[in-house]
Structures are given as structure tokens and as C-alpha cells.
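Letter by letter, the sequence shown follows residues -30 to -1, 1 to 161 of mature numbering (1 follows the signal peptide of the UniProt record, and there is no 0).
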Amino acid sequence: MVTVKIISRIVMVTVLFFAISFCPTQTSNAQSSDFPFEIEYDLRKQGPAIGNEFPLMDYLSMDWEVIPVESLKNKTLVINIWYVGCKGCKQEEPFLSKLSASFKGSDEILFLSFSMSHEDKTRKYFEKNGDFGYQTMLMKRDEVENKFNVITSPTHFIIKNGILLEKFTYPVAHESIFNWYHQRIIEINEM
């Protein structure tokens, strides 16, 4: 009995070690020098480079509303890429709700989310948990990966007039991150 417990713990530790070794690192390349945490970051492979054009196109919302690309060009876009079952994504939901609510009524700032989960799974999730104030677009995981070059969630982008000005992959799940992100949205919108 004791031997079985020891062996199962050894196996568990070994599996955990290998799982951590092969997981992609949570990364960030937040451009602002006052990002509230020291993080080893490298997002060069996710999304376009800061200062480059973001791949905007016509989108279809979960409400079956077409969002034409022309309506996005002269706005500040706050984009969240996530999936159902992502723990960091779930942790940040109250902060994202607070964030989107703080800019409610703004004609200049638009909050969009791209769920990498199947549409039915996303709808069921929202029916059970509610949304977080972002307008959710219908786009398959492979489309998100191909169009935005994003594989890790949650990933956040701030785009102004079609140009990517901020990006990071980290949950907005702490008050200091929320405050930093809120301020970055204001700064970028005022540019």
C-alpha cells in the first residue's frame, strides 16, 4: 500500500514535470514600461508586430450581425482572444466586465472577443455564466490562429486606426493589471 502511494506520487511528479516542460510559456510583450509584473515575455510569434497593421476584416458576431471592416478603421479596438475551459480566461472575466463597463457609451472604443471554442460551446457557456461585455465574434480556432497568429490564451490586443499598438498574453485577473490595462486603453485612444 505504501509502495503504491510512493509510485503514484513519483509518476504524478514526473507527469507534472513533463507537462510544465512542454507547455507554452505565458508571455507578454506589453510595451509600456510600467506593466505591473516582471514576466519573461516573448510574443514575437503571436499576432503582428507592434506598430504594424492589424488584420482587420468583416466579422460576424454571435448575434449574427455583420461588423464591416469600414466601421472598425477609425476606432480603438480592444480585442480579447480566449476559449471555454481556459482558467486564466475565466479568472479575468470579472475584470473584463468592469473594463468594458467603464467605457460603455464610448463611440470611439469597441470591445471585441474571439472565442476559439466552437460556437455551440461558447453559446452554452454564455447562457450559463453570462458574457463579459465584449461583442463576441464567430471565428473558428484555426481561423484565429491563421488570421491573428495566436495560439495562447488569453491574448489581448489594442488597435488604433487599424494599427496594433499593444499586445500581451496574460490574464487581466489582478487589480494592478486591470489598472494598467485601463490606463493603456485611455492613452492609446487619446493618441
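All C-beta atoms in this analysis are idealised placements derived from N, C-alpha and C, irrespective of residue type, glycine included.
This structure is a prediction, so every number in the text was calculated from the model and none was measured.
Which residues does DSSP pair with residue i in a beta bridge?
i      : result
PHE102 : Paired residues: none, contrary to the question.
ASN50  : SER83 and HIS126
PRO31  : As written in the sequence, residue 31 is Ser, which differs from the Pro given in the question. DSSP, once it has assigned bridges, lists MET107 as partnering SER31.
VAL114 : None, per the DSSP bridge assignment.
ILE133 : GLU23 and LYS130
Confirm, please, whether the CB-CB distance from residue j to residue i is below 8 Å.
i      : j      : result
HIS126 : PHE138 : yes
GLU78  : THR46  : yes
GLU89  : LEU108 : yes
PHE118 : PRO38  : no
THR92  : VAL54  : yes
PHE81  : SER70  : yes
ASN131 : ASN44  : yes
VAL114 : GLU62  : no
Give the DSSP-derived three-state secondary structure of residue i in the structure shown.
i        : result
TYR95    : helix
GLU23    : strand
GLU145   : helix
PHE138   : strand
VAL36    : strand
THR(-17) : Because THR(-17) carries a pLDDT of 45, less than 50, the predicted location of this residue cannot be relied on, and no value is offered for it.
SER72    : helix
GLN16    : coil
GLY55    : coil
LEU42    : coil
ASN(-2)  : Its pLDDT being 44, under 50, ASN(-2) is placed unreliably by the model, and nothing is read from it.
ASP90    : helix
Assuming the contact rule is C-beta atoms closer than 8 Å, residue i and residue j should be a hit. Round their C-beta distance to whole Å, please.
i      : j      : result
ILE128 : ARG154 : 6 Å
Using 8 Å as the Cβ pair cut-off and three pairs as the minimum, do the stretch 116 to 124 and the stretch 38 to 52 touch?
Contact check between the stretch 116 to 124 and the stretch 38 to 52: three or more CB pairs, one atom from each, fall below 8 Å, which counts as touching.
Counting pairs of beta carbons, one from the stretch 15 to 31 and one from the stretch 92 to 103, are three or more of them closer than 8 Å?
They do not touch, by the three-pair rule.
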